[in-house]
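Per my numbering, residue 105 is the first one in the sequence shown, and the count goes up by one each step.
The C-beta atom is built at its ideal place from N, Cα and C for all residues, glycine as well.
Report on the structure given below.
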Amino acid sequence: MNQPAVQRFVALDALRGLAIALMILVNTPGSWSHVYSPLLHAEWHGFTFADIVFPMFLFAVGAAMAFSMAKAQPSAATLLKISKRTLLLFGCGVFLHWFPFTSSLVELRIPGVLQRIALCYGIAAVLVLYFKPRGLLLLALLLPLLYWGLLWQFSLQHPYELTGNAVQRFDLWLLGPAHLYQGFGAAFDPEGLLSTLPAISSVFIGYLVAVELRRTHKDNSVYLLTLWGLALAVVGLLWHLLWPINKPLWSGSYVAFSSGLILLLLAAMVWLMDIRQKNWLQPLVIYGSNPLFIYMLSWLWASAASQLIHFTHDGQHISLYQFGFDSLHVLLPAKLASLLFALLHVLLFWLLSYVLYQRRIFIKL
105 MNQPAVQRFV
115 ALDALRGLAI
125 ALMILVNTPG
135 SWSHVYSPLL
145 HAEWHGFTFA
155 DIVFPMFLFA
165 VGAAMAFSMA
175 KAQPSAATLL
185 KISKRTLLLF
195 GCGVFLHWFP
205 FTSSLVELRI
215 PGVLQRIALC
225 YGIAAVLVLY
235 FKPRGLLLLA
245 LLLPLLYWGL
255 LWQFSLQHPY
265 ELTGNAVQRF
275 DLWLLGPAHL
285 YQGFGAAFDP
295 EGLLSTLPAI
305 SSVFIGYLVA
315 VELRRTHKDN
325 SVYLLTLWGL
335 ALAVVGLLWH
345 LLWPINKPLW
355 SGSYVAFSSG
365 LILLLLAAMV
375 WLMDIRQKNW
385 LQPLVIYGSN
395 PLFIYMLSWL
405 WASAASQLIH
415 FTHDGQHISL
425 YQFGFDSLHV
435 LLPAKLASLL
445 FALLHVLLFW
455 LLSYVLYQRR
465 IFIKL
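This is the structure:
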């Protein structure tokens with residue numbers, strides 16, 4: 105007999121915590137010049153360990169939606185609530201880019217991680233209100249295909265090149281080059297507006313998996329997650345032959361491959377936490393209890409420590425961030441010191457998460 109539909113998998117909460125921990129790990133190295141290659145995103149085509157982090161968070165957003173919106177009905181009040189949360193989340197992302205207010209608003213980057221999460225959440229949440237799971241599954245399949253067609257139709261040259269692709273052209277037309285990411289050597293944003301279309305599918309996959317888990321006996325869940333994970337990973341690898349796995353473009357092959365890996369990871373976590381009832385990953389549940397607050401605080405701290413807090417040390421004017429890395433580098437090789445610096449940040453923000461969790465403080469929009 106199936107478990108009641110209200111059953112909740114602890115592994116889903118742990119997965120959200122893992123996404124936050126990995127985001128902090130990847131985003132706060134001691135020095136960007138000294139980072140182990142798996143912790144750097146693929147420069148263009150390809151896939152590294154770091155490239156699974158963002159899709160994991162979008163997956164977790166969708167999974168949470170399966171519980172928070174289980175009884176939601178289409179109404180003006182519901183749509184207003186979704187719109188408000190979307191705008192607040194988008195605004196938080198823009199605020200992080202502006203902080204510590206040393207850059208001009210005419211050069212402020214508008215797209216970003218929280219901005220993409222906001223758009224994906226807002227669009228997916230509205231569609232969840234009006235479509236049943238089968239319809240959402242169809243949309244999850246169609247959105248990457250629609251995006252693929254747009255890339256071929258509106259790119260100036262080859263659709264998978266950095267310059268002239270449809271994502272860049274649309275962002276340049278709508279926002280202008282000054283408001284886009286400049287790290288590729290040209291104005292191109294890896295969280296571009298057009299490439300948000302396939303990213304919505306990453307949310308839908310999380311939602312659909314959580315919906316299915318709610319009505320699936322836990323003993324069968326590991327088998328199903330493993331089967332779906334392997335299938336998606338293989339689809340992603342095969343699709344890579346036609347449409348390369350590419351995080352900056354958020355290609356359909358990237359959606360499939362990253363989702364497959366996430367499902368395989370989730371299968372292992374479900375087996376450990378929900379089947380075997382082991383609490384070894386409970387720290388991750390704690391980490392995921394205040395995801396937005398912890399993510400924002402980690403960003404604000406890194407920005408303040410690197411741009412606002414400076415002092416003179418050994419005759420040199422350095423930032424607190426640089427001082428922390430240099431102190432570790434005295435004892436350790438550069439890459440190891442950089443990794444330890446990031447791990448200490450992961451630990452620091454877990455301790456803060458633990459304090460909030462113990463006091464039952466959960467900060468949400």
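Per-residue DSSP class, three states only, for Asn350: Along the sequence shown, one-based indexing puts residue 350 at 246. In this structure, Asn350 counts as strand in the three-state DSSP scheme.
Ala123 versus Gly226, Leu200, Phe427, Leu370, residue with shortest Cα-Cα distance: By 1-based counting over the sequence shown, the position of residue 123 is 19. For Ala123, the nearest C-alpha among the options comes from Leu370.
Contiguous alpha helix (DSSP H) assignments of at least 4 residues, all confined to the region 249 to 336: Listed in chain order, the complete alpha helix (DSSP H) runs (minimum 4 residues) inside the region 249 to 336 are 270 to 278, 300 to 318.
Distance, Leu388 Cα to Leu116 Cα: Residue numbering aside, residue 116 sits at position 12 when the sequence shown is read from its first letter. Residue numbering aside, residue 388 sits at position 284 when the sequence shown is read from its first letter. Their backbone Cα atoms lie some 10 Å apart in a straight line.
Euclidean distance between Cα positions of Leu346 and Val374: In the sequence shown, residue 346 corresponds to position 242, counting from 1. In the sequence shown, residue 374 corresponds to position 270, counting from 1. Straight-line spacing of the CA atoms in Leu346 and Val374 works out to 33 Å.
Cut-off 6 Å between Cβ atoms - residues of its own chain near Thr132, not counting five sequence neighbours on either side: For this step, residue 132 is matched to residue 28 along the sequence shown. So the list reads Ala406, Ala446, His449, once near-sequence residues are dropped.
Rounded separation between Arg120 and Phe308 - CA only: Along the sequence shown, read from residue 1 onward, the residue named residue 120 stands at position 16. Along the sequence shown, read from residue 1 onward, the residue named residue 308 stands at position 204. The straight-line gap from Cα to Cα measures roughly 15 Å.
Buried versus exposed call for Ile304 [16 or more other C-beta atoms within 10 Å across all chains shown]: Reading the sequence shown from its first residue, position 200 is the one you call residue 304. Buried: at least 16 other Cβ atoms inside 10 Å.
Boundaries of the beta strand (DSSP E) in which Ile422 is found, first to last residue: Against the sequence shown, residue 422 aligns to sequence position 318. Run containing Ile422: 420 to 423, per the beta strand (DSSP E) assignment.
Runs of beta strand (DSSP E) wholly within the region 342 to 413 (minimum 3 residues, chain order): The region 342 to 413 contains no complete beta strand (DSSP E) run of 3 or more residues.
Ranges of the alpha helix (DSSP H) found wholly within the region 126 to 183, counting only runs of at least 4: Unbroken alpha helix (DSSP H) stretches of 4 residues or longer found wholly inside the region 126 to 183: 157 to 172, given in chain order.
Glu265 to Ala314 span [Cα, whole Å]: Indexing the sequence shown from 1 puts residue 265 at position 161. Indexing the sequence shown from 1 puts residue 314 at position 210. Roughly 35 Å separates the two Cα atoms.
Residue environment, Asn394, which counts as buried when at least 16 other CB atoms sit within 10 Å: Here residue 394 corresponds to residue number 290 of the sequence shown, with the count starting at 1. Classified as buried, Asn394 has 16 or more neighbouring CB atoms from the shown chains inside 10 Å of its CB.
Chain D within 7 Å of Leu424, Cβ atoms only: Absent from the structure: chain D. Only one protein chain is present.
Alpha carbon of Val130 to alpha carbon of Ala174, nearest angstrom: Position 26 of the sequence shown, counting from 1, holds the residue named residue 130. Position 70 of the sequence shown, counting from 1, holds the residue named residue 174. Taking the straight line joining both Cα atoms gives about 33 Å.
Of the residues Gly195, Gly226, Ala168, the one placed nearest Thr182, counting alpha carbons only: Taking the first residue of the sequence shown as 1, we reach residue 182 at position 78. For the residues Gly195, Gly226, Ala168, the minimum Cα distance to Thr182 belongs to Gly226.
Under 7 Å between C-beta atoms of Asp293 and Pro215: Within the sequence shown, residue 293 is the residue found at index 189, counting from 1. Within the sequence shown, residue 215 is the residue found at index 111, counting from 1. In contact: Asp293 and Pro215 (Cβ atoms closer than 7 Å).
Distance between Gly195 and Ala291 (C-alpha atoms, nearest Å): Residue mapping note: residue 291 aligns to position 187 of the sequence shown, counting from 1. Residue mapping note: residue 195 aligns to position 91 of the sequence shown, counting from 1. Cα to Cα, Ala291 sits roughly 22 Å from Gly195.
Pro248 beta carbon less than 7 Å from that of Leu312: On the sequence shown, position 208 is the one that residue 312 refers to. On the sequence shown, position 144 is the one that residue 248 refers to. With respect to Pro248, Leu312 sits apart: the two C-beta atoms are not nearer than 7 Å.
The region 349 to 357 touching the region 250 to 265, judged by at least three CB pairs closer than 8 Å: Enough Cβ pairs lie closer than 8 Å, so yes.
Nearest-angstrom Cα separation, counted from Lys188 out to His262: As a first step, residue 262 must be located in the sequence shown, where it is residue number 158. As a first step, residue 188 must be located in the sequence shown, where it is residue number 84. One C-alpha to the other measures close to 38 Å.
Reference His344; option with closest CA among Thr330, Asn324, Val359, Leu331: Against the sequence shown, residue 344 aligns to sequence position 240. Looking at Thr330, Asn324, Val359, Leu331, the one whose alpha-carbon comes closest to that of His344 is Val359.
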